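Here is the structure we will look at, set down as structure tokens.
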Amino acid sequence: MAEVDRRVLYWVMFIALAIPFINPLGLPVPITEMTKAVYDKVESLGPKNIALFSIAGGVSAWPEIAPSMVAVMRHLVKREVKIVVWGFFTDQDITVDMITSNVPELSTKYKYGEDWVYMGYLAGGETAVAALASDVHSVFKADKYGTPTEKLPLIQRVKSAKDVDLVLTVDTGSYITYYIRHWNVGKGTPVAEIGIAMQADQVVFYPANLVGLLIGVRGGAEYEKMIGRLGGGTITMDAINISHLLFIIVIALANIGYVMTRRKK
Amino acid sequence: MTKATYSVAADFLAENLEEILLITTGRGFSFVVLVLSFIFFYIAIQLAKKGKAPKIRRMVAMDAIDEAVGRATEEGKPVHYSPGYAYMTLSSEQGPQTLASIGILSYVAGLCARFDVPIIYNTCIADSLPLVEETLRTAYRNEGKPEAFDPKCIRYQPGQSEYVSAVLGTFQRERPAVNMMIGGLYYEAVVIGEAANVIGATQIGGSANIHQMPFIIATCDYAMIGEEIFAGSAYVTKDPLVTSGIASGDWMKMLLIAITVLGAMLELSGVNVISQLLKW
Amino acid sequence: MSSILRRREIILFLTGIVGGLMIFEYFFAVKEAAAVSSTIQKWAIIISTFALGLGIITAFRVHLSHVKKRTKGQWFFSAWLMGFFVLLTVIGLWNTKFVVYDWTFKNVYVALSTTLYAITGFYIFSAAYRAFRVRNIEAAILIVSGALILLRNAPIGEAIWKGFPILGEWVLMKGQVGGMRTLTFVAAVGLVAFGIRTLLGMERGYYGGGE
Amino acid sequence: MPYPTDPLILSGVWASVILTLMVYSYVLYKETPVFRFAEHTYISASLAISVVVAYQTLSSNAFLPISQGDMTYLIPIVLGLLLYTLPFREVRWVSRYPLAFIVGVGTGIAIRGSVHAQMVNQVLAAITLPKAPQPIDWFNFLFSLVAFLTSTSYFIFTREHTGVLKIPTQLGRYMIMLALGSYFGNTILFRMSMLSGRVEEILKVFGIIPWR
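This is the structure in structure tokens:
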């Protein structure tokens with residue numbers, strides 16, 4: 003029992019993950035405080051407010067963060083909040099395409115340039131985030147499609163961090179800490195995070211500086227439930243349930259085996 | 610000076626400190642800590658020069674290297690060494706970990722040269738290649754076997770996942786007896802670690818990237834946690850100048866522990882001097 | 175001239191100056207320093223980009239030798255690697271929108287990056303199986319803490335027992351904070367000590383001790 | 757969305773799924789020429805893409821400013837070219853100049869960021885009192901504080917962990933394990949959603965579940 007061929011474990015996992023896609027379980031997803039805090043903050047915004055949607059995660063992390071991105075974007079559009087999008091990953095254009103195709107309101111209800119705007123890619127990590135906090139216009143001269151900022155009424159209103167009512171940072175790395183340091187501590191802008199699960203461990207260092215946090219695909223599933231439109235996150239939650247249960251079972255079995263072999267000795 | 614003028618002067622200082630000292634607001638105390646780190650280091654070196662070099666407690670993982678290479682010698686199998694993803698460049702904040710890793714590599718390569726054990730070095734950090742090649746070449750020369758060095762033992766892969774796939778392939782094809790992964794590790798830690806367990810390799814791992822520590826501990830026989838990797842090359846070379854760096858780090862820890870204790874007590878009694886100082 | 179430039183002190187001095195400038199710019203609000211530091215960082219990106227060529231030389235050195243020696247089970251793959259590389263590079267430099275390049279980028283490069291990223295899912299499973307055994311008190315704490323987080327993250331935890339998510343939430347929000355803070359903290363202390371040695375030219379480990 | 761019919765997309769999704777299965781054959785079966793093919797194809801494509809991206813980076817970051825008359829960008833180009841002295845024994849030392857430069861940048865960035873964020877800010881956070889505290893908040897505050905202090909004592913290298921340090925270092929080890937367990941658990945969530953993403957893709961392409 004103590005030593006099983008690993009491949010047995012791998013096959014079990016592979017098959018177990020497939021089952022819920024074919025035959026969904028649909029266990030309810032309870033809402034956690036961190037997710038509710040983000041929801042409440044977005045709910046408090048309206049057509050007068052501007053939200054920043056910052057993308058610092060790649061296409062390869064989609065299974066974890068795409069559900070949250072789409073759900074939050076749908077909520078922003080429902081509240082008619084103005085949205086500024088920019089990002090720090092070279093493949094982010096594919097991500098923006100994915101969001102716009104899932105949130106068609108961005109091209110129907112929203113007017114590009116006035117209601118939402120995509121500023122494109124930016125290199126430079128923390129330095130860039132800090133520069134944007136104090137002067138957006140010196141960093142971006144034009145949007146992604148080459149339209150100069152003078153012709154984009156929305157970005158004309160966003161001169162610095164002070165003009166933004168909520169930062170939503172999609173993040174698979176350290177960008178949340180950059181935004182906290184330069185946008186929240188420096189300028190007082192509320193910051194919320196759409197992150198991968200492991201970030202939870204580090205983000206809770208800053209309870210006072212953070213509105214809330216969507217923890218990985220679980221956060222996405224919760225948010226989908228709150229806005230009343232289930233999607234990819236909820237479907238993946240079944241796979242998460244099954245796989246986590248497997249983890250618990252396997253750890254229990256391993257320990258029973260371990261204790262038994264020790265007894266024999 | 611009356612109390613009023615004193616407080617006016619204090620307010621003026623507080624408001625204009627950035628202009629007067631030019632120190633960016635919020636980073637003042639960090640700068641003090643950095644300067645203190647330099648001073649501690651200087652004092653530790655002076656002590657070392659007087660023969661009072663501090664002793665470091667044993668580092669099990671570093672002691673295990675000799676034994677691991679010995680095992681590879683007996684089995685006639687290679688040693689696999691890799692430094693992790695580390696943002697693929699020396700010029701990022703992960704750079705120092707790669708340098709520390711190459712420092713340990715020089716010791717490992719020396720052992721491999723001495724016992725004629727082949728070494729395989731897999732990396733995706735292009736700008737570290739000159740240092741790696743030089744380190745390996747020097748290690749072989751110092752053992753008097755410069756002709757035994759084969760630059761083909763250095764394998765470059767153009768990215769993180771590419772590097773993972775190449776290491777997976779290498780493990781099954783060349784079956785190293787030892788796997789060492791030390792440096793700025795990311796998700797590769799658990800993959801490489803488990804794949805090395807499949808072939809039964811002895812593993813020594815280390816990283817200062819907190820997010821990978823659970824996996825290094827879970828998969829490796831010997832783990833270097835956090836700053837241990839920075840102490841590694843000093844530990845094996847027994848260079849007193851470098852061990853003093855570790856001592857000065859210890860003093861810094863003790864100082865900041867003291868500040869924490871003092872600060873917590875003052876905060877609890879309603880005095881926020883320390884937190885103001887830290888925010889300066 | 176070359177004998178002076180060859181001196182290790184000069185080279186180490188360059189490291190110290192560049193590193194010192196980066197530090198100065200961070201702590202002091204001097205506009206000129208900020209400008210210089212941003213230029214230096216751009217330069218570093220350019221230099222590192224050039225290093226890719228060294229990587230390709232290194233890779234080809236290995237694969238050419240396989241092809242020359244007709245290494246069994248390997249030379250064919252080495253030849254394929256080099257051939258496909260040359261083809262794709264020529265196409266990509268000519269036009270990245272060309273169908274062959276674009277198709278390979280999406281369906282080979284992005285797809286396999288995601289695939290390898292996800293391969294961890296298998297290995298983390300066997301790692302948990304191996305590592306999560308109650309050998310001593312430390313291991314017991316590790317297991318309990320990990321299991322509570324699992325039962326917090328998956329809704330099934332709450333379905334089993336209402337208390338799991340509450341305990342898991344406590345571990346995540348409060349319990350783990352102190353230890354995690356320490357790991358963050360000591361890694362930085364070690365790094366700063368190492369960095370100081372590097373900038374002062376005392377850390378020679380990575381120079382291999384050679385000339 | 758319906759199942760794709762465009763031959764380009766169709767060939768693409770099948771190719772990506774077949775390559776994925778080739779890679780997973782290593783995990784689920786063993787290292788075979790099938791895996792080797794996927795591995796070498798991937799590395800080959802990635803090398804080529806790296807060259808193209810490097811060329812684009814150099815064009816926009818170096819060649820463009822030079823063409824606009826900013827000759828300072830010749831310096832990094834020359835430094836970058838100096839790396840290529842590496843294969844030549846007599847002039848190999850020249851390659852240390854560009855290296856010294858990037859090592860300086862990396863070390864500088866690493867030091868400055870970590871002193872502030874990882875040292876001073878952590879101490880500050882450790883002593884920040886809870887706002888509007890309930891009794892449980894005081895307990896949590898003290899718990900984190902003690903955890904921080906004891907686990908830091910475990911990382912003292914120049915003292916043996918005996919005598920006064922014995923109990924704190926032991927307690928510190930427990931606190932570190934608590935943190936690492938939590939990290940392990942959260943990483944499992946992330947990895948499982950990544951892997952289930954691939955499984956879903958495979959099922960979709962094989963037509964077992966509807967395309968969406």
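Residue numbers (the working numbering), protein chains in the order written: chain Y, 3 to 267; chain F, 610 to 889; chain X, 175 to 385; chain E, 757 to 968.
Every residue, glycine too, gets a C-beta built ideally from N, C-alpha and C.
Keep in mind that this is a model prediction, so the values were computed, not measured.
Quiz item: Residues of chain F with CB under 9 Å from Arg792 of chain E, in chain order?
Solution: Looking up residue 792 of chain E in the fourth sequence gives position 36. What Arg792 of chain E touches in chain F: Gly778, Arg782.
Quiz prompt | Trp118 of chain Y, enclosing beta strand (DSSP E) - first and last residue | solution = If you number the first sequence from 1, residue 118 of chain Y lands on position 116. Residues 118 to 123.
Practice problem: State the start and end residues of the unbroken beta strand (DSSP E) segment that holds Arg181 of chain X. | Solution: Locating residue 181 of chain X in the third sequence gives position 7, where the first residue counts as 1. Unbroken run through Arg181 of chain X: none, as it is neither H nor E.
Self-check item: From Y:Leu47, Y:Gly48, Y:Glu82, Y:Tyr181, residue whose alpha carbon lies closest to that of Ala58 of chain Y
Solution: Numbered from its first residue, the first sequence carries residue 58 of chain Y at position 56. Among Y:Leu47, Y:Gly48, Y:Glu82, Y:Tyr181, the Cα nearest to that of Ala58 of chain Y belongs to Y:Tyr181.
Self-check item: Cutoff 6 Å; reference His689 of chain F; Cβ partners in own chain excluding five residues on either side
Solution: Walking along the second sequence from the start, residue 689 of chain F turns up at place 80. Counting only Cβ-Cβ distances below 6 Å, and skipping sequence neighbours, we find Ile729, Pro785, Asn788.
Practice problem: From the DSSP output, in three-state form, read off Asp725 of chain F for me. | Solution: The residue you call residue 725 of chain F lines up with position 116 of the second sequence. Asp725 of chain F: coil per DSSP, three-state reduction.
Self-check item: Within chain X, the residues that Ser62 of chain Y reaches when beta carbons sit closer than 8 Å
Solution: Position 60 of the first sequence, counted from the first residue, corresponds to residue 62 of chain Y. Val284, Ser287, Thr288, Tyr291, listed in chain order.
Quiz item: Within 7 Å (strictly less), CB to CB, does Ala866 of chain E reach chain F?
Solution: Reading the fourth sequence from its first residue, position 110 is the one you call residue 866 of chain E. Taking Cβ atoms only, chain F reaches closer than 7 Å to Ala866 of chain E, which makes this a yes.
Exercise. Please classify Phe897 of chain E: is it buried, with 16 or more other beta-carbons within 10 angstroms of its beta-carbon, or exposed?
Key: Here residue 897 of chain E is taken as the residue at index 141 of the fourth sequence, counted from 1. With 16 or more Cβ atoms within 10 Å of its Cβ, Phe897 of chain E is classed as buried.
Practice problem: Pull out every residue of the region 175 to 203 of chain Y whose Cβ sits closer than 9 Å to any Cβ of chain X, in chain order. | Solution: Within the region 175 to 203 of chain Y, the residues whose Cβ lies closer than 9 Å to some Cβ of chain X are Ala199, Ala202, Asp203, listed in chain order.
Quiz item: Can you name the residues that DSSP bridges to Ala801 of chain E?
Solution: To locate residue 801 of chain E, count along the fourth sequence from 1; it is residue 45. DSSP output for Ala801 of chain E lists no bridge partner at all.
Quiz item: If you run the structure through DSSP and keep just helix, strand and coil, what is Lys111 of chain Y?
Solution: Residue 111 of chain Y sits at position 109 when you count from the first residue of the first sequence. In this structure, Lys111 of chain Y counts as coil in the three-state DSSP scheme.
Quiz item: So, are the CB atoms of Thr189 of chain X and Gly860 of chain E less than 7 Å apart?
Solution: Within the third sequence, numbered from 1, the residue matching residue 189 of chain X stands at position 15. Within the fourth sequence, numbered from 1, the residue matching residue 860 of chain E stands at position 104. Yes. Within cutoff.
Self-check item: Assigned secondary structure, Leu212 of chain Y (DSSP; H/G/I helix, E/B strand, else coil)
Solution: Residue mapping note: residue 212 of chain Y aligns to position 210 of the first sequence, counting from 1. Coil at Leu212 of chain Y, not helix or strand.
Exercise. Select from the region 797 to 820 of chain F all residues with a C-beta closer than 9 Å to any C-beta belonging to chain Y, and list them in chain order.
Key: Hits within the stretch, in order: Glu803, Asn806, Val807, Ile819, His820.
Exercise. Identify the continuous alpha helix (DSSP H) that holds Gln874 of chain E and give its terminal residues.
Key: Locating residue 874 of chain E in the fourth sequence gives position 118, where the first residue counts as 1. It is not in any alpha helix (DSSP H) - Gln874 of chain E carries neither H nor E in the DSSP assignment.
Quiz item: In whole angstroms, what separates the C-alpha of Met376 of chain X from that of Val264 of chain X?
Solution: The count along the third sequence starts at 1 and reaches residue 376 of chain X at position 202. The count along the third sequence starts at 1 and reaches residue 264 of chain X at position 90. Met376 of chain X and Val264 of chain X have their C-alpha atoms some 45 Å from each other.
Quiz item: Can you tell me the Cα-Cα spacing of His184 of chain Y and Ala135 of chain Y, whole angstroms?
Solution: Along the first sequence, read from residue 1 onward, the residue named residue 184 of chain Y stands at position 182. Along the first sequence, read from residue 1 onward, the residue named residue 135 of chain Y stands at position 133. His184 of chain Y and Ala135 of chain Y have their alpha carbons spaced roughly 6 Å apart.
Exercise. Would you kindly report the start and end of the unbroken beta strand (DSSP E) that includes Glu195 of chain Y?
Key: Residue mapping note: residue 195 of chain Y aligns to position 193 of the first sequence, counting from 1. In this chain, the beta strand (DSSP E) harbouring Glu195 of chain Y covers 193 to 197.
Quiz item: Which word fits Thr744 of chain F, buried or exposed, when buried means at least 16 other C-beta atoms lie within 10 angstroms of its C-beta?
Solution: Position 135 of the second sequence, counting from 1, holds the residue named residue 744 of chain F. Buried, since its Cβ has 16 or more Cβ neighbours within 10 Å.
Exercise. Establish whether the CB of Ser770 of chain F and some CB of chain X are separated by less than 7 Å.
Key: The sequence position of residue 770 of chain F within the second sequence is 161, counting from 1. Closer than 7 Å: yes.
Quiz item: Helix, strand or coil for His689 of chain F per DSSP?
Solution: For the purposes of this step, residue 689 of chain F is identified with residue 80 of the second sequence, where counting begins at 1. Strand at His689 of chain F.
Quiz item: What are the start and end residues of the beta strand (DSSP E) that includes Glu145 of chain Y?
Solution: For the purposes of this step, residue 145 of chain Y is identified with residue 143 of the first sequence, where counting begins at 1. The residue asked about is misnamed: residue 145 of chain Y is Asp in this sequence, not Glu. No beta strand (DSSP E) contains Asp145 of chain Y, which DSSP labels as neither H nor E.
Practice problem: Check whether the Cβ of Val783 of chain E lies closer than 7 Å to any Cβ atom in chain Y. | Solution: Mapped onto the fourth sequence, residue 783 of chain E falls at position 27. Judged by the 7 Å Cβ criterion, Val783 of chain E is in contact with chain Y.
Exercise. Would you check if the distance between the CB atom of Thr797 of chain E and the CB atom of Thr289 of chain X is smaller than 7 Å?
Key: By 1-based counting over the fourth sequence, the position of residue 797 of chain E is 41. By 1-based counting over the third sequence, the position of residue 289 of chain X is 115. Cβ atoms of Thr797 of chain E and Thr289 of chain X: not closer than 7 Å.
Quiz prompt | For Ile763 of chain F, three-class secondary structure by DSSP | solution = Here residue 763 of chain F refers to the residue found at position 154 of the second sequence. Ile763 of chain F: strand per DSSP, three-state reduction.
Quiz prompt | Given Ser770 of chain F as reference, the closest of X:Gly364, X:Ala333, X:Leu286 once Cα atoms are compared | solution = Here residue 770 of chain F refers to the residue found at position 161 of the second sequence. Of the listed residues, the one whose Cα sits closest to Ser770 of chain F is X:Leu286.
Quiz item: Thinking C-beta only, is Pro821 of chain E closer than 7 Å to Tyr829 of chain E?
Solution: Stepping through the fourth sequence from its first residue, residue 829 of chain E is reached at position 73. Stepping through the fourth sequence from its first residue, residue 821 of chain E is reached at position 65. Pro821 of chain E sits close to Tyr829 of chain E, with the two beta carbons spaced by under 7 Å.
Quiz item: Taking DSSP as the reference, what is the three-state secondary structure of Ala203 of chain X?
Solution: By 1-based counting over the third sequence, the position of residue 203 of chain X is 29. DSSP places Ala203 of chain X in coil when its eight states are reduced to three.
Quiz item: Excluding five sequence neighbours on each side, which residues of the same chain lie with their C-beta closer than 7 Å to the C-beta of Ala144 of chain Y?
Solution: Here residue 144 of chain Y refers to the residue found at position 142 when the first sequence is read from its first residue. Taken in chain order, the residues that qualify are Pro150, Thr151.
Quiz prompt | Straight-line Cα distance separating Ser767 of chain E from Lys960 of chain E | solution = Here residue 960 of chain E refers to the residue found at position 204 of the fourth sequence. Here residue 767 of chain E refers to the residue found at position 11 of the fourth sequence. Rounded to the nearest angstrom, the two C-alpha atoms are 14 Å apart.
Practice problem: Work out the CA separation of Ile251 of chain Y and Val14 of chain Y for me, nearest whole Å. | Solution: Counted from its first residue, the first sequence places residue 14 of chain Y at position 12. Counted from its first residue, the first sequence places residue 251 of chain Y at position 249. Looking at the two C-alpha atoms, the distance is approximately 12 Å.
Quiz item: Cα separation between Gly127 of chain Y and Gln926 of chain E?
Solution: For the purposes of this step, residue 127 of chain Y is taken as the residue at position 125 of the first sequence. For the purposes of this step, residue 926 of chain E is taken as the residue at position 170 of the fourth sequence. Cα to Cα, Gly127 of chain Y sits roughly 39 Å from Gln926 of chain E.
Exercise. Consult DSSP for Phe299 of chain X and reduce its assignment to one of helix, strand or coil.
Key: The residue labelled residue 299 of chain X in the question sits at position 125 within the third sequence. In the three-state scheme derived from DSSP, where H, G and I count as helix and E and B as strand, Phe299 of chain X is classed as helix.
Quiz item: Whose CA, out of Y:His246, Y:Arg9, Y:Ser103, lies closest to the CA of Ile334 of chain X?
Solution: Start at 1 with the first residue of the third sequence, and residue 334 of chain X comes out as number 160. Closest by alpha carbon: Y:His246.
Exercise. Measure how close the beta-carbons of Phe940 of chain E and Gly320 of chain X come, nearest whole angstrom, since I'm counting them as under 8 Å.
Key: In the fourth sequence, the residue the question calls residue 940 of chain E occupies position 184. In the third sequence, the residue the question calls residue 320 of chain X occupies position 146. At roughly 5 Å, the Cβ-Cβ gap stays under 8 Å, so Phe940 of chain E and Gly320 of chain X are in contact.
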